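For reference, the structure is listed below as structure tokens.
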Amino acid sequence: MEGKNSLELISQKLINYFFKDYQADDKEILIFGLMAVLSTTITSIFIIVCSSLLGVARFSIIAATVASILRFFSGGIHAATYKQCITISTVVFVLLGLLASYAGIGLQDSLFIILLLALIVGSIIIFFYAPAEVEQNPINSIERRYRLKRYSFMILFTIVFISYLILLLKNDLYQFILAGLLGVIWQLFTITPLAYKLIDLLNKDRRDKNEEQKINI
2 MEGKNSLELI SQKLINYFFK DYQADDKEIL IFGLMAVLST TITSIFIIVC SSLLGVARFS
62 IIAATVASIL RFFSGGIHAA TYKQCITIST VVFVLLGLLA SYAGIGLQDS LFIILLLALI
122 VGSIIIFFYA PAEVEQNPIN SIERRYRLKR YSFMILFTIV FISYLILLLK NDLYQFILAG
182 LLGVIWQLFT ITPLAYKLID LLNKDRRDKN EEQKINI
């Protein structure tokens, strides 16, 4: 990440003001944590506002929440900037909300099969790729890696099992179930090598544009 973006500057100023007596290393940890909280808050607001305008807020929120729970343990790709992260997340989860809204009823007879496929394919992806790390936050402990992988399996199974129970007991929530499954599918995609290649291409294109701007200046 080149330079300091506004989110980092705001976080740095707040931490330096309220924790001025802390050591530099401790401040860095606090700054990183505050940036994550601010980014998540801003992203959530954008998702809620944009999806509400399109009438799919319930489905977008479910997709984002389910994906976030699984992501906490499975890891996944990170955008080069917080602005990029907020933009991608907003676009993706609003689109998933729209897809759940319009396809949920039509796919009601196929949801059991989709649940089974999500469990099987998801387990394979988690087995090979979770936890997916990034350069900024490497996972050096083998014990921690196995623990995160195990929790990822447990979260996937729990989501699928709860969705299955809802289908059995309440047969008019197809759109909500599909929204949750789409959140799972998106999160599973973000830990695959293909997702990392795509984000690398996106980041490379951004770096190339920055270099061109510097040359023109």
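Under our numbering, the first residue of the sequence shown carries the number 2, and numbering increases by one thereafter. Note that beta-carbon positions come from the ideal geometry of N, C-alpha and C, so glycine has one too. A quick note: this is a predicted structure, and the numbers were derived from the prediction, not measured.
Nearest to Ala80 by CA position, among Ile49, Ile70 and Thr91, is which residue? Cα-wise, what sits closest to Ala80 is Thr91.
Residues in the same chain with beta-carbon distance under 7 angstroms from Tyr197, minus the five sequence neighbours each way, listed in chain order, please. By the criterion of a C-beta distance shorter than 7 angstroms, Tyr197 is surrounded in its chain by Ile78, once the five residues flanking it on both sides are discounted.
Could you tell me the distance, in whole angstroms, from the CA atom of Glu144 to the CA atom of Pro132? Whole-angstrom Cα-Cα distance: 12 angstroms.
Please name the residue or residues paired with Ala119 in a DSSP beta bridge. DSSP output for Ala119 lists no bridge partner at all.
With respect to the alpha helix (DSSP H) encompassing Ala131, which residues constitute its N-terminal and C-terminal limits? Taken as a continuous stretch (DSSP letters only), Ala131 belongs to no alpha helix (DSSP H), as it is neither H nor E.
Identified DSSP bridge partners for Gly76: Answer by DSSP bridge pairing, in chain order: Ala133.
Below 9 angstroms between beta carbons: does that hold for Asn172 and Gln109? Cβ distance < 9 angstroms, so Asn172 and Gln109 count as in contact.
For the structure I just gave you, are there three or more beta carbon pairs, one from the segment 162-177 and one from the segment 96-105, closer than 8 angstroms? The segment 162-177 is in contact with the segment 96-105.
Closest by C-alpha distance to Val38, when choosing among Ile87, Ser61 and Ser124: With distances taken between Cα atoms, Val38 lies closest to Ile87.
Under 7 angstroms Cβ to Cβ from Tyr152, same chain only, skipping five residues before and after it: list those, please. Excluding positions up to five away in sequence, the list reads Phe74.
Coarse secondary structure for Phe177, derived from DSSP in three states: Phe177 falls in the helix class under three-state DSSP.
Taking the CB atoms as reference points, tell me whether Leu71 and Ile115 lie closer together than 9 angstroms. Note that the C-beta distance between Leu71 and Ile115 is not below 9 angstroms.
Could you give the first and the last residue of the continuous alpha helix (DSSP H) run that contains Lys14? Taken as a continuous stretch (DSSP letters only), the alpha helix (DSSP H) holding Lys14 covers Ser7 to Phe19.
Jot down the residue ranges of each uninterrupted alpha helix (DSSP H) in the segment 146-177, minimum 4 residues, whole runs only, in chain order. Qualifying alpha helix (DSSP H) stretches: none in this window.
Does the beta-carbon of Gln24 have 16 or more other beta-carbons within 10 angstroms, so that it is buried, or is it exposed? Counting Cβ neighbours within 10 Å, Gln24 comes out exposed, since fewer than 16 surround it.
Would you call Thr42 buried or exposed, if buried means 16 or more other Cβ atoms sit within 10 Å of its Cβ? Flag for Thr42 reads exposed.
Ordered list of alpha helix (DSSP H) runs contained in the segment 55-99, each at least 4 residues: Given a length threshold of 4 residues, each whole run of the alpha helix (DSSP H) inside the segment 55-99 is given here in chain order: 58-75.
If you run the structure through DSSP and keep just helix, strand and coil, what is Ser142? Looking at Ser142 - three-state DSSP - the assignment turns out to be coil, as it is neither helix nor strand.
Gln188 - DSSP class collapsed to helix/strand/coil: Here Gln188 sits in helix by DSSP.
Which of the three DSSP states is assigned to Thr193 in this structure? In the structure shown, Thr193 sits in coil (DSSP, three-state: anything other than H, G, I, E or B).
Please list, in chain order, all residues of the same chain as Ile126 whose beta carbon is under 6 angstroms from its beta carbon, the five residues on each side excluded. So the qualifying residues of the chain are Leu189.
Do Leu15 and Ala35 have their beta-carbon atoms positioned less than 9 angstroms apart in this structure? The question names Ala, but residue 35 is Leu in the sequence shown. Yes, Cβ-Cβ distance for Leu35 and Leu15 is below 9 angstroms.
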